[in-house]
Amino acid sequence: MRPFTLIAMTLLVTNLAASQDRAYGRSMVISPNGIVATSHYLASQAGARILAQGGTAVDAAIAANAVLSVTEPMMNGIGGDMFAIYWDAKTGKISGINASGWAPQALTPDHLRAKGITKMPSHGIDSVTVPGAVAGWAAMHKRFGKLPWRDLFQPAIYYAENGYAVPEIIHDAWANAYFTDEGKRVFLPNGHPPELGAVFKNPDYARALRLLADRGPDVFYRGEIGQALIATSSELGGTMTAEDLAQFAPEWVDPISTDYRGWRVYELPPNGQGMAALSMLNIMEQAPPSADGPQGTAELHKKIEAMQLAYADLQRYLADPRVSTVPTSGLLSKQYAAKRAKLIDPNKARCDYGAGAPTGSDTTYLTTVDREGNIVSWINSNYSEFGSGVVVKGMGFTLQNRGALFALDPAHPNVLAGHKRPYHTIIPAFMEKGDQHIGFGIMGGANQPLAHAQFVSNLVDYGMNVQAAISAPRFTVGRGDFCHIPIESRVKSDVIEALRAKGHNLEVRKEYTSLMGRGQAILHDSSKKMNFAASDPRADGSAEAEPPAFPHP
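Per the working numbering, residue 296 is the first one in the sequence shown, and the count goes up by one each step.
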């Protein structure tokens, strides 16, 4: 039997021993074979088929991500960035990759000021950074892939050429996007977003994917796709050059981690915001789980306040560590967490915590596991819906707007500079204890660290399985306003009122709203040689098991 591999993409798996009351609808997908969990069922199916062809978890992740770039074009694609965590079942080694692109060398605060721009643009060509996704895919494939690169793109090319039916949640996300004229031509057929159930085709993107499949990743950074990207940038007054593309390379990194009540939880280091999830867990650990349950007043108050403390530090310190100093070890120390936790008043909410002094949007997540037990936790993003709104002419894909997250204040560590990577929101995650190993992630901008912490707590503190932990009610933060707390209507009304009485500014949102992020998780139990997968009901996705090879009659 081939070794067992697990890849985690927007997937979460939890405690197998705990019984579940089935309050959360979906069942886990359980299989001794590989599993792929994504936010669109066509991507999950494509990844599962790659596993059945003998592909690794990484092969399946690339194939699934490529399909997601077709079926969820507002969320991700080859014009975006990616990060991943890989767990090797044979050695137990955990590897991380940071494929977030840098700012063009000439995109500087002085350049923007000369154009009369005093705040980082949220859309348009000056919000565009070098796309890192393709370089990240290629690096992962070179180290952990097995099937030919070309084979991994065939499902995505098929759906781009022949079309797919637009599902509910993606239909809703299509509505309010910003586009250049080329974007309107590609993504607004007949002048408006495609209707629910309409078949959407993108022949330009099929061509780009075929070029990528046939010629390899260099066609993006040094060849025809890159040339089209530079021409589009120049036409719109951008600063991107051929050197900006050709000189970019992803970075292999060691994940950062913390212990949470006996589980080791891993995130990737800055420039991503994963350290906020670990900081939040460290602060939460200072008090025992509340007896009134995960959706009780005391527990939710503790988590909201822990989030406020962790995010205050995140906003102050997060930057590209290759350019600015980020005190990661100090921020993640248990002593620092204990000091921060003492600021929490159990009877009163605060949203004005300042940063401490330590010593020392739109996104697609997927996870996969193969029969060898290897796990990939994988995330790819454009940032906002359709990113910058800039579509590369003749290629059918949008460019991300990650540059919007830079600061222009010269005193801030995240200040814009050429060939510097911005503060980044997308974060894959992994956790393990004994024989249980979980790849998980929950997409959604600033929501991600606190969604990760809620998932881990559901699993560790309250014994939920991975599907229950993904499906359970969540709270999040308002865009640009951490004092504003949207919370799902499944939380009891008396709890909502009790939290408001403490001073929390809550906005009740409909159940299973995608505002809370869309997650996936996969748990591999190495003693049982079994995989357990979850897919968030807040998305159009599924977890799909690798099909067996049926005997011929």
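Every residue, glycine too, gets a C-beta built ideally from N, C-alpha and C.
Note that the structure is a prediction, hence the values are computed from the model and not measured.
Residue i classed as buried or exposed, judged by whether at least 16 other C-beta atoms fall within 10 angstroms
i           : result
residue 795 : exposed
residue 742 : buried
residue 847 : exposed
residue 495 : buried
residue 822 : exposed
residue 729 : exposed
residue 450 : buried
residue 709 : buried
residue 568 : buried
residue 366 : buried
residue 603 : buried
residue 306 : A caution first: residue 306 carries a pLDDT of 35, below 50, which makes its placement in the model unreliable, though a value can still be read off. Counting Cβ neighbours within 10 Å, residue 306 comes out buried, since at least 16 surround it.
residue 715 : buried
residue 699 : buried
residue 463 : exposed
residue 642 : exposed
residue 498 : exposed
residue 838 : buried
residue 845 : exposed
residue 693 : buried
residue 617 : exposed
Boundaries (first-last residue) of the alpha helix (DSSP H) holding residue i
i           : result
residue 450 : 449 to 457
residue 397 : Residue 397 -> no alpha helix (DSSP H), and no H or E assigned at all.
residue 624 : 623 to 626
residue 405 : 404 to 409
residue 345 : 336 to 347
residue 417 : Premise fails: residue 417 is in no alpha helix (DSSP H) and is neither H nor E.
residue 577 : 569 to 579
residue 761 : 761 to 766
residue 446 : No alpha helix (DSSP H) contains residue 446, which DSSP labels as neither H nor E.
residue 629 : 629 to 636
Where residue i sits in the DSSP three-state scheme
i           : result
residue 820 : strand
residue 596 : helix
residue 677 : strand
residue 698 : helix
residue 391 : strand
residue 793 : helix
residue 690 : coil
residue 850 : There is simply no residue 850 to check, as the chain begins at 296 and stops at 848 in what is shown.
residue 660 : strand
residue 672 : strand
residue 436 : helix
residue 788 : helix
residue 606 : helix
residue 381 : strand
residue 804 : strand
residue 428 : helix
residue 460 : strand
residue 297 : Residue placement at residue 297 is poorly supported in this model, since its pLDDT is 41, which falls under 50; the coordinates still yield a value, given next. Reduced to three states, the DSSP call for residue 297 is coil.
residue 654 : Unreliable placement is indicated for residue 654, whose pLDDT of 49 sits below 50; no coordinate value is reported for it.
residue 640 : strand
Span of the beta strand (DSSP E) around residue i
i           : result
residue 781 : 779 to 783
residue 324 : 324 to 326
residue 855 : Beyond the ends of the chain as shown, which are 296 and 848, falls residue 855; an answer cannot be given.
residue 467 : Here residue 467 belongs to no beta strand (DSSP E); instead the alpha helix (DSSP H) covers 463 to 468.
residue 330 : 330 to 333
residue 840 : 837 to 840
Residue j beta carbon less than 8 Å from that of residue i
i           : j           : result
residue 353 : residue 338 : no
residue 674 : residue 660 : yes
residue 326 : residue 762 : no
residue 578 : residue 605 : yes
residue 473 : residue 725 : no
residue 345 : residue 355 : yes
residue 627 : residue 553 : yes
residue 836 : residue 746 : no
residue 550 : residue 613 : no
residue 492 : residue 470 : no
residue 841 : residue 329 : yes
residue 369 : residue 455 : no
residue 572 : residue 744 : yes
residue 817 : residue 803 : no
residue 806 : residue 830 : no
residue 395 : residue 381 : no
residue 428 : residue 376 : yes
residue 563 : residue 723 : yes
residue 685 : residue 532 : no
Can you list, in chain order, the stretches of the alpha helix (DSSP H) that have 4 or more residues and sit fully within the region 731 to 759?
-> For the region 731 to 759, whole alpha helix (DSSP H) runs of length 4 or above, ordered along the chain, are 742 to 755.
Entirely within the region 489 to 565 and at least 3 residues each: give me those beta strand (DSSP E) ranges in chain order.
-> Here the runs fully enclosed are 546 to 548, 551 to 555 and 558 to 562.
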